[in-house]
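J.:
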Amino acid sequence: MNEQTVTSPLGLSKTALVVEGGGMRGIFSTGVLDAFMKQSFNPFDLCIGVSAGANNTDAYLGQMYQRNYKVFTDYSVRPDFISWKKFVRGGHLMDLDWLWETTIRELQIDRATLFQSPSQFVIGVTEVETGRSVYLEPNDHNLEQLLKASSAIPVIYRSFVEVDGVKYVDGGITDSIPVLEAYRRGANKIMVLRSRPQSYTMHKSKNNLLTRWALHGYPRLLRALENRAHTYQEAIAFMRRPPAGVQIIEVNPPEGFRTERMTKELEILAADYKLGYDIGEQLVREWKA
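Written out as C-alpha cells, the structure reads:
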C-alpha cells in the first residue's frame with residue numbers, strides 16, 4: 001500500500017490486534033502473546049500480522065504457548081538460519097527455507113485450533129510485480145507459504161515466495177504496521193504490538209547498490225522499498241491521532257529494549273521476551289478493568 005487513502009468504514013464495531021514484524025525483535029510480541037495465551041485472553045475479532053508478527057499471531061491463534069519463544073531462542077540462533085558465511089557464498093543471510101522445513105517438521109502449528117479460532121486471521125505481504133500491499137487470509141493449503149512470504153526480506157532472503165501463482169516478499173516493506181487496514185476492515189478498538197520503542201522514527205533512505213542490483217528487474221518493488229519510511233510514519237501518525245470514536249492501544253517495548261533484527265545472544269532474547277510477557281499480563285488486567 002504505497003498510497004494511504006483512509007476511508008472511514010460504516011458501523012465500526014470490531015476489536016483488532018495488529019502485530020508488527022522486525023526479525024528477532026519479534027521476541028517482544030512473542031512474550032506479550034504468550035501472556036495472553038496463559039490467561040486465555042483473546043477478545044479480538046480480527047488479527048493482522050506482518051513478517052515475524054504474522055508468525056507470532058499464527059502461534060497465538062493456534063494456542064501454542066512458548067512455541068515461538070523456542071523458535072527465537074533455539075532454531076533462529078543456529079548457524080543454519082542466520083549465516084554471513086552462507087551469504088557471501090551466494091546463499092541466504094536468513095535461510096527461511098531451512099527454518100520453515102525444520103519447524104514444520106518439528107514444531108508445526110496446531111492447524112485445527114488455528115482455523116477454528118473465532119478471530120479472523122490476515123497476513124500482510126508485498127506483491128513483487130506491483131510493489132503493493134496485499135492482505136490475505138490463509139487456508140490449510142497456503143498457510144506456511146504465506147507466513148514465509150511475509151517474512152522474506154529481499155536480498156537477506158535471495159528468493160521470492162510464490163503463493164497460488166503470485167510472487168510475494170516481506171509485508172513489512174509496504175505496511176509494517178497495518179493499523180490502517182484494521183481500521184478499513186471496521187475495527188474501532190485496535191491493539192498494536194510494536195517491535196520498536198515509542199521514540200523510534202524511521203528515516204527515508206536510498207536503496208543500496210546490492211539491493212538495486214538484486215531487484216533491478218522489479219522497479220515497483222524498489223520504489224516501495226524507498227517509500228517504506230513514509231508509509232511507516234503514516235501508520236504511526238494514524239495511531240497517535242486516530243479518528244473520533246477509534247481507540248488505539250499502542251504497545252511498545254521500553255526504551256531499554258536491546259534486541260535487534262539479527263540478535264542471537266540468548267541472554268538478551270530471554271530478557272526482552274520477559275519484558276513482553278510482563279507487559280502482556282498488565283494489558284490483560286487493564287483490558288478487563
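Under UniProt numbering, the residue at position 47 of the sequence shown is numbered 47, and the numbers go up by one with no gaps.
Note that beta-carbon positions come from the ideal geometry of N, C-alpha and C, so glycine has one too.
Fair warning: this is a prediction, and the values are worked out from it, not measured in the lab.
How is Y168 classed by DSSP in three states: helix, strand or coil?
T.: Looking at Y168 - three-state DSSP - the assignment turns out to be strand.
J.: Measure the CB-CB distance between G171 and V125 and report whether it falls below 7 Å.
T.: Yes.
J.: DSSP puts K38 in a beta bridge; with which residues?
T.: Note: K38 sits in no beta bridge, so no partner.
J.: In three-state terms, what does DSSP make of S119?
T.: Looking at S119 - three-state DSSP - the assignment turns out to be coil, as it is neither helix nor strand.
J.: Below 8 Å CB to CB, which residues in the same chain sit around L269 once its five sequence neighbours on both sides are set aside?
T.: So the qualifying residues of the chain are M24, I27, F72, T73, V77, T259, T263.
J.: Could you work out which residue in E181, Q63, V251 is closest to A235 when comparing CA atoms only?
T.: The residue with the shortest Cα to Cα distance from A235 is E181.
J.: Over what stretch of residues does the alpha helix (DSSP H) that includes I236 continue unbroken?
T.: Looking at the DSSP string, the run of the alpha helix (DSSP H) that includes I236 is 228-240.
J.: Taking just the CA atoms, how far does L33 sit from V18?
T.: C-alpha separation (whole angstroms): 12 Å.
J.: Which ranges does the beta strand (DSSP E) cover as unbroken runs of at least 3 residues, wholly within the region 171-218, from first to last along the chain?
T.: With a minimum length of 3 residues, the continuous beta strand (DSSP E) runs that stay inside the region 171-218 are 187-193.
J.: Tell me, please, which residues DSSP counts as bridged to I249.
T.: M191, per the DSSP bridge assignment.
J.: Have a look at R241, E162, P254 and flag the residue whose alpha-carbon is nearest the alpha-carbon of R196.
T.: When only C-alpha atoms are compared, the closest one is P254.
J.: Count the other C-beta atoms from every protein chain shown that fall within 10 angstroms of the C-beta of A16, then say buried if there are 16 or more, exposed otherwise.
T.: So A16 counts as buried.
J.: Do the CB positions of I123 and L107 come within less than 7 Å of each other?
T.: For I123 and L107, no; Cβs fall outside 7 Å.
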